[in-house]
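Comments concern the structure below.
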Amino acid sequence: MKAIKMLFLCMIPSFFLMGCWDKSELEEQAYVVVLGLDKSQNNLIDVTFQIANPQVGSSDRGEAKNEPPSDTVTFTAPDILSAKELANTVVSRKLNFGHLRTIIVSEKLARSSFFHQILGSSVRDPEMRRETNLIVSREKAVDFIHSNKPKLETRPHKYYAFMQERWRDTGHVPYSTLNRYFQRLSGELFLAIYATTEKHEKQFADEDAYRPGEVPQKAGDPVQVIGSAVFKAGKMIGTLNGEETRHSLFLRRKALVHSYIASYPDPLKPDYRISLRLIKKGNTKVSINVKKDPPEVKVTVPVKAQIHSVPSLIDYASDMEKQKLLKQAITKTLESQTMQIVKKTQQEFKGEPFTWYVEARRKFWTIEQYENYDWEKKYQKATVKVHYDLDIESFGKELKPPRVKKYTGD
Amino acid sequence: MIKISDGKIGTREFASVVLLTIGIKFTDTTPSILFALGKNAAWMMPLFTFMIVLIPFLVLLSLVKKHNQGLMELVYRLMGNNFGFITGLVLFLILLGATAINCRSYVDIVSTMFYQRTPVPYLLLMLMGVSYFVANRGFETIGRSAWIIIPYVIPIALLLFLFVRDAIDWLHLFPIAGPGITKLIKESATHSSIFGEMIYLSVFFPFVTNYKTFRKASFIGFAISFVEISLFTALYVMVFDYPAVEHLAYPFQDLTRAAAIGETIAHVEAIFLGFWVISAVIHFAIYIYITSFLFARTLRLNEFEPLLMPITGLVVLLGLIPTNLIAANQYREMLLKISSGVLLLVPFLLWILDRWKGRRQVESD
Chain A
1 MKAIKMLFLC MIPSFFLMGC WDKSELEEQA YVVVLGLDKS QNNLIDVTFQ IANPQVGSSD
61 RGEAKNEPPS DTVTFTAPDI LSAKELANTV VSRKLNFGHL RTIIVSEKLA RSSFFHQILG
121 SSVRDPEMRR ETNLIVSREK AVDFIHSNKP KLETRPHKYY AFMQERWRDT GHVPYSTLNR
181 YFQRLSGELF LAIYATTEKH EKQFADEDAY RPGEVPQKAG DPVQVIGSAV FKAGKMIGTL
241 NGEETRHSLF LRRKALVHSY IASYPDPLKP DYRISLRLIK KGNTKVSINV KKDPPEVKVT
301 VPVKAQIHSV PSLIDYASDM EKQKLLKQAI TKTLESQTMQ IVKKTQQEFK GEPFTWYVEA
361 RRKFWTIEQY ENYDWEKKYQ KATVKVHYDL DIESFGKELK PPRVKKYTGD
Chain B
411 MIKISDGKIG TREFASVVLL TIGIKFTDTT PSILFALGKN AAWMMPLFTF MIVLIPFLVL
471 LSLVKKHNQG LMELVYRLMG NNFGFITGLV LFLILLGATA INCRSYVDIV STMFYQRTPV
531 PYLLLMLMGV SYFVANRGFE TIGRSAWIII PYVIPIALLL FLFVRDAIDW LHLFPIAGPG
591 ITKLIKESAT HSSIFGEMIY LSVFFPFVTN YKTFRKASFI GFAISFVEIS LFTALYVMVF
651 DYPAVEHLAY PFQDLTRAAA IGETIAHVEA IFLGFWVISA VIHFAIYIYI TSFLFARTLR
711 LNEFEPLLMP ITGLVVLLGL IPTNLIAANQ YREMLLKISS GVLLLVPFLL WILDRWKGRR
771 QVESD
């Protein structure tokens, strides 16, 4: 009797092993870290998977000396899910999106209405996460992924994880996830990260007015990520350069980018530019008067500036008059640049990427009233006033610019 | 002090039971039903429903106090044998249907979000099998297990706010009235049986130590439940924004997937899945228990615990009828409309009968 009882007791653990339908062996997984989407013919898409090789970069490296850090394969299929299955005709391991954090879409696909169908239908897959980043590449996504060979990062997912942090630091690109994309489909503009590996070099005096590929760069990884792709109603309609993106992000009430370094013309010697760090002091105040027609939008951006370098060597720090002059000059530049972007969105894009619609919605009691009001239409004619509330906080750790003693002939 | 168990439960246990019966509803398909009706102002609906259901509940409470009896005893005492039987049967059928549809929707969540290849019948059997195991131990065990897990489940659910705080924008709640206050109140009233368990839970009166405990525990449970449901419904809108939130079938599970602790620890949904499954087991144990109890009392059987097994089996079979979630939701919508009327009416009917009988008794004396 005791033996039978013991036997039953031993059998209990086996019940926990039941239900192996969804088992997944770690060894048999292929973790896709980057997904590329391109338009193909006949409503098909080219889906590119960059699959990480977890052995590379780990202590287990010795086992797989000659294996590359990742494998990139492309398949043509009607949608992402079927491409995933199709990939297993080639890839020995089961494709898993558990670590997928980046989706790269070619501009050609993004500009077609097919894009929304592909993306909208893919989120049904429980493995697709709404926190995935969206990047639009100027060239084909498959070329982008193949050309991207970061020298400092062996493992591809690390590259995107670190780059994402840098994007937040610099504000050259927006923070674009699928969740934000799905939030902004009813006429608001959605900004996606814009990138390329091709060169279209240009030279500007203003160091953040570039679009990807235009940044003068010698050697290094060819990927340039700057500026944003503008989406309206699920379709790409234009681009913003790095500077315009930064300003757009500052105009949002709650910004994820709190500070960036930029240069502005020196008010006394306009040939030179002064570098400074702009820090957002608090939330941008947006007040919208919907009672007026056209509506009135008043925006106050509270910023403080830390002066970093003054190449003209003019002593702005110790002279209060010059400080005032500098402050006024920077404010004026900021405001005129911002107004240009506002004009551009009103006339060219006919919508706003500043998430002002949430402020406009506040003024209404019901959804019906808001929808009848049609904020996107009204915005195109709205009178917008942007004011920068700027304080110069510090002038760095030098009190005066270093002087070279002038020699008067010998 | 170790008290000798008398099969009855106290305030905290009964409050936990209430919380696990009603308070858990923000994790299932209830919010999606609310979003379809109340748009971005769906978070107000639980509060309106609470106020609407509170009136019949208070009426019922006064009767419970007066006669010191639970719902089913009151039904028979005041309605007589024939009408009592019919009312009991209707209450039983509504609850049986609700249990079957609800457990199917829980299984659908697990099946679509976590275990796609596991057959639905198997998941259904597992969930209800474990629930039966808990229910079979008796109401005292249900109450005590509920009290054991509540102190973990609620803080962990609230942690979600912390994990998604970057994505929250409270301005998404505007326009504040959504489809309009009158529409909100109307829809809350017609769908009040989403939270109809408030009425059903009073069948448990005989299992609670005394009237005072019952009243206190009910109010604590209801208050926390409705605030919780309202809070989370608002959270879904704040994170996903309207109209995107309307397209989500399972907002809670989608939110747990979006949750992250800092930059590196990203996939934390497993924590929530674990605690959610434990809560779901107790949730359905309570349902099976009430259903069996109602059935036994309707047929005036004294022993009802042997009924737990066949009722569980019946629930599993009924749960297999809808082919998918959308079909299940259609059944649910139908059931909600029918049951809302019944559940709101029964307490008033009992109250009127009580008055009438009381007067006749005074006259005959």
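Chains A and B supply the protein sequences, listed in that same order. In terms of the working numbering, the first sequence opens at residue 1 and continues consecutively. In terms of the working numbering, the second sequence opens at residue 411 and continues consecutively. Every residue gets a Cβ at the ideal spot worked out from N, C-alpha and C, and that includes glycine. Predicted model only: the values in this text are computed from it and were never measured.
Practice task
Please name the residues in the region 574-597 of chain B whose beta-carbon is closer than 8 Å to at least one beta-carbon of chain A, in chain order.
Solution key: Asp576, Ala577, Asp579, Leu581, His582, Phe584, Pro585, Ile586, Ala587, Gly588, Pro589 and Gly590
Practice task
Establish whether the CB of A/Gln183 and some CB of chain B are separated by less than 8 Å.
Solution key: Interface residue, yes.
Exercise for the section: Determine the burial state of B/Val618: buried for a count of at least 16 other Cβ atoms within 10 Å of its Cβ, exposed for fewer. Expected result: buried
Problem - Beta-carbon neighbours of B/Ala654, restricted to chain A and to distances below 7 Å - result: Phe182 and Gln183
Handout entry: Separation of A/Glu165 from B/Ala676, as counted between CA atoms
Key = 15 Å
Exercise for the section: Please confirm if B/Thr437 has its CB atom under 8 Å from at least one CB of chain C. Expected result: Looking for chain C here will not work: the only protein chains present are A and B.
Problem - Option in A/Pro265, A/Pro270 and A/Arg246 with minimal Cα separation from A/Ser259 - result: A/Arg246
Practice task
Quick one: which residues of the region 26-43 of chain A get their C-beta closer than 9 Å to a C-beta of chain B? List them in chain order.
Solution key: none
Handout entry: Among A/Pro174, A/Thr74 and A/Val404, the one whose alpha carbon lies nearest that of A/Ile226
Key = A/Pro174
Handout entry: Extent of the continuous beta strand (DSSP E) run through A/Lys265
Key = According to the sequence provided, residue 265 of chain A is Pro. The question's Lys does not apply to it. From DSSP, the beta strand (DSSP E) with A/Pro265 extends over Ser259 to Pro265.
Practice task
Could you name the residues that DSSP lists as bridge partners for A/Phe231?
Solution key: A/Phe190 and A/Met236
Handout entry: Proximal residues, the region 129-154 of chain A versus chain B, C-beta separation under 7 Å
Key = Here the close residues are Arg129, Arg130 and Glu131.
Problem - Helix, strand or coil at B/Leu759 [DSSP, three-state] - result: helix
Exercise for the section: Give every residue of the same chain whose Cβ lies closer than 7 Å to the Cβ of A/Lys149, excluding the five residues on either side of it in the sequence, and list them in chain order. Expected result: Cβ neighbours of A/Lys149 beyond the five flanking positions: Asp221.
Exercise for the section: Can you give me the Cβ contacts of A/Tyr31 inside the same chain, cut-off strictly under 6 Å, excluding the 5 residues immediately before and after it? Expected result: Ala52, Asn96 and His99
Problem - Cβ-Cβ distance between B/Gln479 and B/Phe615 below 8 Å - result: yes
Problem - Helix, strand or coil at A/Ala209 [DSSP, three-state] - result: coil
Exercise for the section: From the DSSP output, in three-state form, read off B/Thr551 for me. Expected result: Reduced to three states, the DSSP call for B/Thr551 is helix.
Problem - Proximity below 8 Å, CB of B/Phe685 to CB of B/Val563 - result: yes
Problem - Close Cβ partners of A/Lys209 (< 7 Å) along its chain, the five nearest in sequence each way excluded - result: The residue you asked about is not Lys; residue 209 of chain A is Ala in the sequence shown. Counting only Cβ-Cβ distances below 7 Å, and skipping sequence neighbours, we find Asn241, Gly242 and Glu243.
Practice task
Answer yes or no: do A/Asp143 and A/Thr197 have a C-beta to C-beta separation smaller than 8 Å?
Solution key: yes
Exercise for the section: Along the alpha helix (DSSP H) that carries B/Thr431, what are the first and last residues, could you check? Expected result: Thr421 to Thr431
Exercise for the section: Determine the burial state of A/Gln328: buried for a count of at least 16 other Cβ atoms within 10 Å of its Cβ, exposed for fewer. Expected result: exposed
Exercise for the section: Compare the C-beta of A/Trp356 against all C-beta atoms of chain B and say whether one is closer than 8 Å. Expected result: no
Problem - Own chain partners of A/Lys363 with C-beta closer than 7 Å, once the 5 adjacent residues on each side are dropped - result: Ile288 and Val290
Exercise for the section: To the nearest angstrom, report how far apart A/Ala3 and B/Arg514 are at their CA atoms. Expected result: 40 Å
Exercise for the section: Compare the C-beta of A/Ile367 against all C-beta atoms of chain B and say whether one is closer than 8 Å. Expected result: yes
Handout entry: Min CB distance A/Tyr370 to chain B below 8 Å
Key = For A/Tyr370, the nearest beta carbon of chain B is closer than 8 Å to its own beta carbon.
Handout entry: Interface flag, B/Arg547 vs chain A, CB-CB below 8 Å
Key = no
Handout entry: Which of helix, strand or coil DSSP assigns to A/Phe204
Key = coil
Problem - B/Tyr525 at chain A interface by Cβ criterion, 8 Å - result: Closer than 8 Å to the CB of B/Tyr525 there is at least one CB belonging to chain A.
Exercise for the section: Just the chain B side, please: which residues come within less than 9 Å of A/Glu53 by C-beta, in chain order? Expected result: The amino acid occupying residue 53 of chain A in the given sequence is Asn; Glu does not appear at that position. Under the 9 Å cutoff, chain B gives no residues; its nearest Cβ is about 20 Å from A/Asn53.
Problem - Buried/exposed call for B/Asn734, threshold 16 Cβ in 10 Å - result: The residue in question, B/Asn734, is exposed, as its Cβ has fewer than 16 Cβ neighbours within 10 Å.
Exercise for the section: Tell me, please, which residues DSSP counts as bridged to A/Arg273. Expected result: A/Pro265
Problem - Rounded separation between A/Pro295 and A/Gly351 - CA only - result: 14 Å
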